[in-house]
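Engineer: There's a structure below that I have some questions on.
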Amino acid sequence: MTGSQESGASHTGEDMKRDLIMVSGYYGFANLGDEAILEELIEELATLVDRDRIVVLSNNPESTRARFSVTSVNRWRLAEIVPLLGRTRLLVSGGGGLFQDTVSIKSVVYYAGLIFLARLRGARALVYAQGLGPLRGALARKLTAMAISRCAAVTVRDPSSQTLLESWGIPSVLSADPVWRLKTTPLPAEMAAALDDMRRLHSEGLFVGLSLRSSSGFGAAEAGKMADGLLESLPVETILLPLVLQENQDRDLLALVSNRWTEAGRKTLEFESMVFARLLPSQWLEFIGSLDLVVGMRLHSLIMALSRGVPVVGLSYDPKVEHVMREFEQPFLNLANGRDVESEVAGLPMLSELVIKAIEGRQELSGIARGRANAACELACQNFTILDKILSI
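Laid out in structure tokens, this is it:
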């Protein structure tokens, strides 16, 4: 245990009736990274408790039930959640970046409020593999500290989160993103066949995955310039595979690059939205692991690639992306300062140079990725260790 305070609830004989594990995170929003965390978390919990005792709070409970074979309730319906907390042994808050006020304080209020409710209803709470921040507002920081201090244990996925907690006097265990432990599952037969056919037809071509997302300072204009940089740097026989990890934020930008790519006479391999929507994260992991290189903005496109030994070029729009790129010694472009892509002088040549170097150094980058991924997987085991300990009490 981490020694965090557990004030606010007593443990009596009533605890013997508590048979549920409730999971709270950014689930049911069709975001691949968060769904991958959930799949790994469920697999870990299923080795410790019966699967029918796992309750996931989800924005789309029907989808969550169907995909992961667990109980799921609507994350917004407190009238359903509060009674279930009375039967809950442990609320697992995480993983991911839940406590942050990038857009507003609403996320902090929601996730802190659930921890407070759990404690009031007599359930214990665990902060699982979270990355904290940014927390710009004083109220957001105070609510986060108050909520986390009431948890039985805390694991964080990065040193900066641990340092923040230390400044608040809250002990924690340094772990890693749960997705480092995720195992692959086979692709649907038709998708595997399409990949095999394309490989046979273009045996000399590199298969390069591209992950983009809309964010502050990165939109259609920047995606267009990035398309030019990729056309300049990737060999003409390259097959481009757009990676739509979250439909509403990714598809339009990727379509823009894909159209520019095909207009230049290059090849792409794209799948219908419903094909990607049906994939489990563990199948995505298998898919991304079949590529030769990933150029990516989304953190979990990079984590999935690196975990399978696929070299990457990171497009860092957030410090969490840069942190992983530096840790894994992979090339990256810093988009956060708004200069690297927007500047025609500094941006496109820099992207082209990074991609060319990544292709030339693929074997070395792949070897580094495999070694560091093994270490990250071992560190991520801390999440399961803490789960096991807290559920054995």
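Under the numbering used here, the first residue of the sequence shown carries the number 281, and numbering increases by one thereafter. Glycine is no exception: its CB is placed at the ideal position from the N, C-alpha and C atoms. Here the structure is a predicted model, which means the values were calculated and not measured.
#1: In this structure, does DSSP put Q380 in helix, strand or coil?
#2: Jot down the residue ranges of each uninterrupted alpha helix (DSSP H) in the stretch 377-442, minimum 4 residues, whole runs only, in chain order.
#3: Which whole runs of the beta strand (DSSP E) in the stretch 576-624 are 3 residues long or more, in chain order?
#4: Roughly how many whole angstroms lie between the Cα atoms of S513 and D572?
#5: Look at the alpha carbon of W448 and the alpha carbon of G413, and state the distance between them as a whole number of angstroms.
#6: In the DSSP assignment, what are the bridge partners of G374?
#7: Strictly by DSSP, which residues pair up with I301?
#8: Under the rule that 16 or more other beta-carbon atoms within 10 Å means buried, what is E624, buried or exposed?
#9: Would you call W356 buried or exposed, if buried means 16 or more other Cβ atoms sit within 10 Å of its Cβ?
#10: Counting C-beta neighbours from all protein chains within 10 Å, is the total for G651 16 or more, i.e. buried, or is it exposed?
#11: Are there 16 or more other CB atoms within 10 angstroms of the CB of S483, so buried, or fewer, so exposed?
#12: Going by C-alpha distance, which of M426, D314, L378, G402 is nearest I301?
#13: Based on the DSSP output, what are the partners of I519 in its beta bridges?
#14: Give the C-beta separation of A616 and S596 to the nearest angstrom, bearing in mind that I take them to be a contact with Cβ-Cβ under 8 Å.
#15: For D476, count neighbouring Cβ atoms within 10 angstroms of its own Cβ and tell me buried if that reaches 16, exposed if not.
#16: For V350, name the three-state secondary structure that DSSP assigns.
#17: So, at 7 Å on beta carbons, what are the nonlocal neighbours of I395 in its own chain, with the 5 sequence-adjacent residues on each side left out?
Structural biologist: Once the coordinates are examined:
#1: Position 100 of the sequence shown holds residue 380. For Q380, the three-state secondary structure derived from DSSP is coil.
#2: Within the stretch 377-442, the complete alpha helix (DSSP H) runs of at least 4 residues fall at 386-400, 418-428.
#3: You should have 592-596, 612-614.
#4: In the sequence shown, the residue the question calls residue 513 occupies position 233. In the sequence shown, the residue the question calls residue 572 occupies position 292. Cα-Cα distance, rounded: 15 Å.
#5: Walking along the sequence shown from the start, residue 448 turns up at place 168. Walking along the sequence shown from the start, residue 413 turns up at place 133. Their backbone Cα atoms lie some 14 Å apart in a straight line.
#6: Along the sequence shown, read from residue 1 onward, the residue named residue 374 stands at position 94. Beta-bridge pairing links G374 to Y408.
#7: Start at 1 with the first residue of the sequence shown, and residue 301 comes out as number 21. I301 pairs with I334, L370.
#8: Along the sequence shown, one-based indexing puts residue 624 at 344. Low confidence applies here, because E624 scores a pLDDT of 40, under 50, leaving its location unreliable and the question unanswered by this model.
#9: For the purposes of this step, residue 356 is taken as residue 76 along the sequence shown, with counting starting at 1. For W356, the number of other beta carbons within 10 angstroms of its own is below 16, and it is reported as exposed.
#10: Mapped onto the sequence shown, residue 651 falls at position 371. Counting Cβ neighbours within 10 Å, G651 comes out exposed, since fewer than 16 surround it.
#11: Translated into the one-based positions of the sequence shown, residue 483 becomes position 203. With fewer than 16 Cβ atoms within 10 Å of its Cβ, S483 is classed as exposed.
#12: Here residue 301 refers to the residue found at position 21 when the sequence shown is read from its first residue. Taking the Cα of I301 as reference, the smallest distance to any Cα among M426, D314, L378, G402 is reached at G402.
#13: The residue given as residue 519 occupies position 239 in the sequence shown. Under DSSP, I519 takes part in a beta bridge, and its partners are F487, K547.
#14: Locating residue 616 in the sequence shown gives position 336, where the first residue counts as 1. Locating residue 596 in the sequence shown gives position 316, where the first residue counts as 1. The beta-carbon distance between A616 and S596, rounded to whole angstroms, is 6 Å. This is short enough to meet the 8 Å contact definition.
#15: Counted from its first residue, the sequence shown places residue 476 at position 196. By the neighbour-count rule (16 or more Cβ atoms within 10 Å), D476 is not buried but exposed.
#16: Numbered from 1 along the sequence shown, position 70 holds the residue referred to as residue 350. Looking at V350 - three-state DSSP - the assignment turns out to be coil, as it is neither helix nor strand.
#17: Translated into positions along the sequence shown, residue 395 becomes position 115. Closer than 7 Å at the Cβ level, and outside the excluded window around I395, lie L371, S373, A405, A427, R430, C431.
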